[in-house]
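Under this note's numbering, the final residue of the sequence shown carries the number 403; numbering is consecutive throughout. To start, the structure itself, in structure tokens.
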Amino acid sequence: MIHNFPYIYKQVDELLREELRNLKIAIDKERVQRKKKSRAKKGKKGKKGRRKKEKDLTPDRTLISLFEELVLAGIIKKVEKYSMNEYSGEYSYLGTTLRQANVEPQPTLSDVRRLVTEYAILPLGSQNVHEKAPLIKSLLLAGPHGTGKRTLVNIICTETGANLFDLSAENISDKYPGKDGLRMLIHLVFKVGRLLQPSVILINDCEKMFKKKLPKTDLADPKRLKKELPKAMKILTPNDRVLLIGCSSAPFEADIRPFCKLYQKIILIPRPDYASRNIIWRTQIIRHGGILTDELDITSLTKISDGYTSGQIAQACSQVITERRIAQLSRRCLKAEEFITPLAQVDPVFADEEEAYKTWYRKTPLGKQKASAIQAESEAASGGANKKPVKGRKK
């Protein structure tokens, strides 16, 4: 048996060499097949991936002349100077407590400030952030009248130094008529906006663009941009600090699919809670020239103004604190009763209206994602708590 070992070793060695040769042949064949497949895929991708080169409709015109044309046409608007510090709102200190009780807290104006900063101000204000952060091309601000949607747009433009292009239906209804005119308008806005970035493109009452039935009295033709605007949004890249902002007081009137497809992020602006109203009353009274004294019961004002928006509170202050009333402040201090009449002349945001916004948001893709995330968290928490201990097996 011992003398047969050299013969066995030789046979095993030959078998191993033969297997190695077969393995090399198989690997070479696989490499050739992979190369052929990759070439075929590259050829297909090359055909599909070729994007049509954007045609410059104004190759012979200077940037200054294009900017001047948009200003004279009223497309580029002057930005009203507002800072984020002027957007008053308090933080929700009960948020964590409510979540522990399986109650989703109502978003506050402080949450709105944070989201606007994350989605708009930081990416538009910093090229580095815009390139590295997830690309956000569009933002929807939805909420009742007077909640400060237009003020937030002015804040975004002020904080970032952005140009403001107004493509609202009422603003462009009698400008650049026809299909060729519309193409030229979109071309000018996106060309100037990209060259002079950061830029904000604003559309007020943006839900009308996707509304199924429009009243016959509406002659502004809000559906004019329905096809051209989504096409133009596709040309924006991470290098383009251009943001489309839509403002809507009735988002539930729009067809939800194309509406949410155009606007990537949605910020619901709620009516101010008690803490936020207290701050708003104080800041608005001082801003309009009033003086806070012990005779002015801010607590009562905060209580009776439940349901009123920040815009309605500001309007009440402007009606009461006139130049004549300011001149009388040294002899007669402001009192809470003076603000009741202006508040009584306007309707607050009722609970039914607020619930309509919440119901609509739950139907949106973002609302569904949020609901599923909350459900997953609650199931994970309850699953860990309700898990029964497994009894050990008997040996």
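The C-beta atom is built at its ideal place from N, Cα and C for all residues, glycine as well. Given the structure is predicted, the values throughout are model-derived calculations rather than measurements.
Best match in the options for proximity to residue i [C-alpha to C-alpha]
{"i": "residue 314", "options": "273, 114, 306 and 280", "result": "280"}
{"i": "residue 117", "options": "160, 63, 197 and 273", "result": "160"}
{"i": "residue 341", "options": "328, 351 and 349", "result": "328"}
{"i": "residue 321", "options": "277, 354, 332 and 71", "result": "354"}
{"i": "residue 296", "options": "284, 275 and 332", "result": "332"}
{"i": "residue 201", "options": "278, 222 and 241", "result": "241"}
{"i": "residue 198", "options": "216, 219, 388 and 71", "result": "71"}
{"i": "residue 283", "options": "260, 318 and 275", "result": "318"}
{"i": "residue 230", "options": "252, 179 and 243", "result": "179"}
{"i": "residue 146", "options": "155, 346 and 128", "result": "128"}
{"i": "residue 298", "options": "351, 335 and 243", "result": "335"}
{"i": "residue 276", "options": "122, 181 and 245", "result": "122"}
{"i": "residue 291", "options": "93, 68 and 29", "result": "93"}
{"i": "residue 266", "options": "244, 233 and 377", "result": "233"}
{"i": "residue 220", "options": "168, 264, 252 and 204", "result": "264"}
{"i": "residue 256", "options": "158, 344, 339 and 379", "result": "158"}
{"i": "residue 236", "options": "193, 102 and 348", "result": "193"}
Proximity of residue i and residue j at Cβ, strictly below 7 Å
{"i": "residue 206", "j": "residue 132", "result": "yes"}
{"i": "residue 90", "j": "residue 166", "result": "yes"}
{"i": "residue 177", "j": "residue 228", "result": "yes"}
{"i": "residue 270", "j": "residue 238", "result": "yes"}
{"i": "residue 172", "j": "residue 85", "result": "yes"}
{"i": "residue 162", "j": "residue 87", "result": "yes"}
{"i": "residue 65", "j": "residue 195", "result": "yes"}
{"i": "residue 268", "j": "residue 125", "result": "no"}
{"i": "residue 325", "j": "residue 293", "result": "yes"}
{"i": "residue 120", "j": "residue 170", "result": "no"}
{"i": "residue 310", "j": "residue 285", "result": "yes"}
{"i": "residue 364", "j": "residue 260", "result": "yes"}
{"i": "residue 187", "j": "residue 81", "result": "no"}
{"i": "residue 350", "j": "residue 316", "result": "no"}
Helix, strand or coil at residue i according to DSSP, with G and I counted as helix
{"i": "residue 212", "result": "strand"}
{"i": "residue 234", "result": "coil"}
{"i": "residue 174", "result": "strand"}
{"i": "residue 262", "result": "strand"}
{"i": "residue 130", "result": "helix"}
{"i": "residue 341", "result": "coil"}
{"i": "residue 284", "result": "helix"}
{"i": "residue 96", "result": "coil"}
{"i": "residue 326", "result": "helix"}
{"i": "residue 386", "result": "helix"}
{"i": "residue 118", "result": "helix"}
{"i": "residue 313", "result": "coil"}
{"i": "residue 145", "result": "coil"}
{"i": "residue 137", "result": "helix"}
{"i": "residue 381", "result": "helix"}
{"i": "residue 54", "result": "The pLDDT assigned to residue 54 is 49, lower than 50, so where the model puts this residue is not dependable; a value taken from the coordinates is nonetheless given after this. The answer is helix: DSSP assigns residue 54 an H, G or I state."}
{"i": "residue 183", "result": "coil"}
{"i": "residue 197", "result": "helix"}
{"i": "residue 319", "result": "helix"}
{"i": "residue 269", "result": "helix"}
{"i": "residue 81", "result": "coil"}
{"i": "residue 308", "result": "helix"}
{"i": "residue 123", "result": "helix"}
{"i": "residue 89", "result": "coil"}
{"i": "residue 366", "result": "helix"}
{"i": "residue 274", "result": "strand"}
{"i": "residue 240", "result": "helix"}
{"i": "residue 332", "result": "helix"}
{"i": "residue 228", "result": "coil"}
Cβ-based neighbour list, residue i, same chain, cut-off 8 Å, excluding 5 preceding and 5 following
{"i": "residue 26", "result": "none"}
{"i": "residue 362", "result": "152, 278 and 279"}
{"i": "residue 384", "result": "none"}
{"i": "residue 78", "result": "84, 173, 196, 197 and 200"}
{"i": "residue 387", "result": "none"}
{"i": "residue 203", "result": "71"}
{"i": "residue 98", "result": "116, 117, 118, 281, 283, 284, 286 and 287"}
{"i": "residue 75", "result": "84, 200 and 204"}
{"i": "residue 57", "result": "Unreliable positioning characterises residue 57 in this predicted model, as indicated by a pLDDT of 46, which lies under 50. The coordinate reading is nonetheless provided below. If we look at residue 57 and ignore the five residues flanking it on each side, it has no Cβ neighbours."}
6 Å Cβ shell around residue i - same chain, five flanking residues per side excluded
{"i": "residue 137", "result": "130 and 131"}
{"i": "residue 254", "result": "148, 211, 214 and 271"}
{"i": "residue 346", "result": "328"}
{"i": "residue 67", "result": "none"}
{"i": "residue 155", "result": "277 and 317"}
Proximal residues to residue i (C-beta, below 7 Å), its chain only, five neighbours per side dropped
{"i": "residue 216", "result": "177, 222 and 230"}
{"i": "residue 258", "result": "215"}
{"i": "residue 375", "result": "369"}
{"i": "residue 344", "result": "304, 305, 308 and 309"}
(message) Counting beta carbon pairs with one atom in the region 287 to 305 and one in the region 129 to 145, are three or more of them shorter than 8 Å?
(response) Touching, no, given that fewer than three Cβ pairs across the two stretches are closer than 8 Å.
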